[in-house]
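Residue numbers (this note's numbering), protein chains in the order written: chain A, 1 to 210; chain B, 1001 to 1286.
Shown next, in structure tokens, is the structure this report addresses.
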Amino acid sequence: MPDTLKDAVIHMREEEAMEIAVKLLDKGTDPLKILNVCTEAMEEVGKKFEAGIYFLPELMMAGEMLKQISEKVKPMIKNPQDRKKSGKVLIGTVLGDIHDIGKDIVGFLLDVNGFEVRDIGIDVAPSAFVEEIRVFKPDVVGLSGLLTLAYDSMKDTVQAITDAGLRKDVKIIIGGGQMTDKIKAYAGADACAKDAMDGINIIKEWIGKV
Amino acid sequence: MMETKLSNGSKTVVIGNNRPTVMIGERINPTGKKKLAAALREGRMDMVRQEALAQVAFGAGILDVNVVTEGVDEIDILPRAIKAILEVADIPLCIDINNPKALARALAVYPGKALVNSVSGEKKSLEEILPLVRDYKAAVIGLTLDDNGIPKTAEKRLEIARTIVGQAESLGIPREDIIIDPLALALGSDHMAAGITLQAIRMIHDELGLNQTLGASNISFGLPDRMAVNKAFLPLAICAGVTCPTVDPAKVGSTVFATDLILGRDRFSMNYIKDYRRREKNKPQM
Chain A
1 MPDTLKDAVI HMREEEAMEI AVKLLDKGTD PLKILNVCTE AMEEVGKKFE
51 AGIYFLPELM MAGEMLKQIS EKVKPMIKNP QDRKKSGKVL IGTVLGDIHD
101 IGKDIVGFLL DVNGFEVRDI GIDVAPSAFV EEIRVFKPDV VGLSGLLTLA
151 YDSMKDTVQA ITDAGLRKDV KIIIGGGQMT DKIKAYAGAD ACAKDAMDGI
201 NIIKEWIGKV
Chain B
1001 MMETKLSNGS KTVVIGNNRP TVMIGERINP TGKKKLAAAL REGRMDMVRQ
1051 EALAQVAFGA GILDVNVVTE GVDEIDILPR AIKAILEVAD IPLCIDINNP
1101 KALARALAVY PGKALVNSVS GEKKSLEEIL PLVRDYKAAV IGLTLDDNGI
1151 PKTAEKRLEI ARTIVGQAES LGIPREDIII DPLALALGSD HMAAGITLQA
1201 IRMIHDELGL NQTLGASNIS FGLPDRMAVN KAFLPLAICA GVTCPTVDPA
1251 KVGSTVFATD LILGRDRFSM NYIKDYRRRE KNKPQM
């Protein structure tokens, strides 16, 4: 059954995906398992999009299905410690860049994986990141960007965090279609995520050590 | 706005405003197709099946079936063509006839709710066709012409549409089972022809709220680069209120899907993308 759910999401069969999700919940399937299947499907859709097989509306449609299913699934999570937040992650798309699909996927995946996520949106100024770090006190800061101009914005943001005396309090990870380890070094970040799943894994490892 | 439901006994197609446009595939018609005409004369159904499959592959929602050509006995061949199509295509049919006797035979073998093409405002047509439509619980296309011919004004075409609806309702045919064809005439001989049609579409939509079809390729008759004219006209006609145009899906399907997307009738562009992939897949054979 979970496989058919994954298949329905990957192949854009919206109604079917909703029906299967509801049925699984009714049968007492572990809600976290349902969410995991959905995130696997989302990953698959993301891969197809990156390979040029899927188009933007399909990425959006998958996101919509994910959103709808998670709204149904989340209230069903019975055991509260399942949902105990394992760490705080602040994410945002850096100044001058307005791309949010990757950031939203990462935010969703982090949430599903038990992190407390604060998403401060797109085109975020370095000073806004600094302010939010002071208030939210995250363990990890995720900087997202797709455009090449994001390289400098990331560097500026890391610099602003350092200048504010907060650099030692947070780990910084960058992510986005064109990000590499070179950019990580240029910006002064701690890690560069190849894709959403890679980012989640890196953050999990970090928080485990905190 | 009314919804017209058609079926072949297993699959139902719903036509209505703010829904995706339903293409009535026009290609199963021997007029101007020598090979298809010859096949029908010999009683062979291979060409009919081929045309059916090809149109379904390009997104047709309904298939028009017309076997009228010299040397073909409509009464005998039409029911056979219907059976042949339904063997290969799970899709409702539009039974396109000359002879009312052929219509009775065709409706008798058709398993679901058919669309009958067509009745007009002519007295004889109303009397012959509508009772059959009622008896077989079919839907019907109403052509806006009467014993005086095709009116030159949109108002007169609306008037004929009203007459057809009145007659049908008096026989007990539900209003939503009437689909009006406000008729597109050749722009080549009258450059105002399409304007009158568009006006008629809007008036019929506003006053009667009925679904409408249109033989949308007629307007480019006699012109060079007919496809350019057809592709410009279709979006205007759909926007004005045509919900199930009669077209060649392989040629204008992408225009129809793009129009639906532009008009907000295609959630997450799914139909447009599906059609794109279908076209990519079929490219080498085209």
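Idealized CB from N, CA, C, for every residue including glycine.
Query                                                                                                                                         : Result
Leucine 66 (chain A) to glycine 1016 (chain B) span [Cα, whole Å]                                                                             : 30 Å
Test: glutamate 58 (chain A) CB closer than 8 Å to a CB of chain B                                                                            : yes
Buried versus exposed call for threonine 1259 (chain B) [16 or more other C-beta atoms within 10 Å across all chains shown]                   : buried
Own chain, CB closer than 6 Å to glycine 1149 (chain B), minus 5 neighbours either side, in chain order                                       : none
Beta-carbon separation (whole angstroms), serine 1007 (chain B) vs aspartate 1090 (chain B), contact threshold 8 Å                            : Not confirmed; about 10 Å, so no contact.
Three-state secondary structure assigned by DSSP to lysine 1033 (chain B)                                                                     : coil
Leucine 1063 (chain B), buried or exposed, once every other Cβ within 10 Å from all chains shown has been counted against 16                  : buried
Neighbour flag for methionine 1192 (chain B) against chain A, beta carbons, 8 Å                                                               : no
Where valine 1140 (chain B) falls, given that 16 or more other Cβ within 10 Å makes a residue buried                                          : buried
Three-state class that DSSP yields for valine 210 (chain A) in the structure shown                                                            : Bear in mind that the predicted position of valine 210 (chain A) carries a pLDDT of just 43, short of 50, making it unreliable; the figure below should be weighed with that in mind. In the structure shown, valine 210 (chain A) sits in coil (DSSP, three-state: anything other than H, G, I, E or B).
Whole-Å CB distance - threonine 117 (chain A) paired with valine 94 (chain A), under 8 Å assumed                                              : Before going on, a small fix: residue 117 (chain A) reads as valine here, not threonine. Incorrect: roughly 17 Å between the Cβ atoms, too far for contact.
Neighbourhood of asparagine 1029 (chain B) by C-beta, 6 Å cutoff - its chain only, sequence neighbours within 5 removed                       : Asn1066
Cβ of isoleucine 1273 (chain B) within 8 Å of any chain A Cβ                                                                                  : yes
Burial state of proline 1224 (chain B) (16 or more Cβ within 10 Å)                                                                            : exposed
Beta-carbon gap between leucine 1145 (chain B) and serine 1170 (chain B) smaller than 8 Å                                                     : no
Simplified DSSP state of asparagine 1211 (chain B), which is helix, strand or coil                                                            : strand
Sequence-distant residues of the same chain with beta carbon closer than 8 Å to lysine 1083 (chain B), five excluded per side                 : Val1109
Residue range of the unbroken alpha helix (DSSP H) whose run includes asparagine 1230 (chain B)                                               : 1226-1240
Cβ pair isoleucine 1179 (chain B), cysteine 1239 (chain B) closer than 8 Å                                                                    : no
Chain-order list of residues whose beta-carbon lies under 7 Å from that of isoleucine 91 (chain A) (same chain, five-residue window excluded) : Lys103, Val106, Gly107, Val117, Asp119, Gly142 and Ser144
Own chain, CB closer than 7 Å to threonine 1163 (chain B), minus 5 neighbours either side, in chain order                                     : Gly1121
Neighbour flag for serine 1269 (chain B) against chain A, beta carbons, 8 Å                                                                   : yes
C-beta atoms of glycine 1039 (chain B) and threonine 1069 (chain B) nearer than 8 Å                                                           : It is worth fixing the name first, because residue 1039 (chain B) is alanine in this sequence and not glycine. No. Outside cutoff.
Pairwise C-alpha distance: lysine 23 (chain A) and methionine 76 (chain A)                                                                    : 13 Å
Contact under 8 Å by Cβ, glutamate 140 (chain A) with glycine 87 (chain A)                                                                    : It should be noted that the sequence gives valine, not glutamate, for residue 140 (chain A). Closer than 8 Å, so yes.
Inter-residue spacing [alpha-carbon to alpha-carbon] between proline 1235 (chain B) and histidine 11 (chain A)                                : 29 Å
Interface residues of the segment 43-68 of chain A facing chain C [CB-CB below 9 Å]                                                           : The structure shown contains no chain C; its protein chains are A and B.
In DSSP terms, what serine 1254 (chain B) is bridged to                                                                                       : Looking at the DSSP assignment, serine 1254 (chain B) forms no beta bridge with any residue, so it has no partner.
Nonlocal neighbours in the same chain, by C-beta distance under 7 Å from methionine 197 (chain A), ignoring five residues either side         : Glu43
Interface flag, methionine 18 (chain A) vs chain B, CB-CB below 8 Å                                                                           : no
Environment of glycine 46 (chain A) [buried if 16+ CB atoms lie within 10 Å]                                                                  : buried
Backbone secondary structure at aspartate 1064 (chain B) - three-state DSSP                                                                   : strand
Reduced DSSP category for threonine 91 (chain A) - H, G, I as helix; E, B as strand; rest coil                                                : The amino acid at residue 91 (chain A) is misidentified as threonine; the sequence shows isoleucine. Three-state DSSP puts isoleucine 91 (chain A) in a strand.
Chain B residues whose Cβ lies nearer than 7 Å to that of methionine 12 (chain A)                                                             : Met1270
Per DSSP, cross-strand counterpart(s) of cysteine 192 (chain A)                                                                               : A:Ile174
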